[in-house]
């Protein structure tokens with residue numbers, strides 16, 4: 033997984049979001065061992081303390097678990113991941129609809145646009 037950071041948000045929050053997306057999309061499957069803090073620090077070029085802060089928050093949100101002496105693992109709770117993936121999709125849809133409304137695009141027009149894009153989406 034490639035990590036990209038911007039200057040608009042704290043690095044640990046970006047790490048949380050990027051690892052979370054990795055889990056929700058299956059890049060890090062249920063039950064899989066995550067790279068160690070040291071490995072993640074090398075991969076991301078981020079201070080290990082920042083990595084640990086992000087992983088602690090992911091653990092607080094029950095997306096990862098720590099197995100003493102074995103490391104950190106993605107939760108095996110597939111239901112939790114499905115719920116979080118649906119919540120993430122809902123946020124994206126809500127943002128899209130709000131942004132479309134600001135542009136003055138009517139709901140029926142949005143549906144037509146989605147259907148048209150959907151045809152291309154399914155053929156790829």
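In the working numbering, the protein residues as written are 33 to 156.
Glycine residues also receive a C-beta, built at the ideal position from the N, C-alpha and C atoms.
The structure displayed is predicted, hence computed values, not measured ones.
DSSP on residue i, reduced to helix/strand/coil?
| i | result |
| --- | --- |
| residue 59 | coil |
| residue 120 | helix |
| residue 84 | helix |
| residue 152 | helix |
| residue 41 | coil |
| residue 136 | coil |
| residue 36 | coil |
| residue 79 | coil |
I'd like the list of long-range same chain contacts for residue i, defined as Cβ closer than 8 Å, with 5 residues on each side in sequence excluded.
| i | result |
| --- | --- |
| residue 91 | 97, 98 and 104 |
| residue 17 | Outside the modelled stretch of the chain, which goes from 33 to 156, sits residue 17, for which no answer is possible. |
What are the partner residues of residue i, as DSSP defines its beta bridges?
| i | result |
| --- | --- |
| residue 105 | 65 and 97 |
Can you name, in chain order, every residue of its own chain whose Cβ lies under 6 Å from the Cβ of residue i, other than the five neighbours on each side?
| i | result |
| --- | --- |
| residue 65 | 103 and 105 |
Taking the beta carbon of residue i as the centre, do at least 16 other beta carbons fall within 10 Å, making it buried, or is it exposed?
| i | result |
| --- | --- |
| residue 44 | buried |
| residue 72 | buried |
| residue 46 | buried |
| residue 114 | exposed |
| residue 77 | exposed |
| residue 137 | exposed |
Using a Cβ-Cβ cut-off of 7 Å (strictly less than) and excluding sequence neighbours within five positions of residue i, which residues of its own chain qualify?
| i | result |
| --- | --- |
| residue 50 | 35 |
| residue 37 | 43 and 46 |
| residue 68 | 103 |
Looking at the C-beta of residue i, does it have a partner C-beta in chain D at a distance below 8 Å?
| i | result |
| --- | --- |
| residue 100 | Looking at the structure shown, chain D is missing, and only one protein chain is on hand. |
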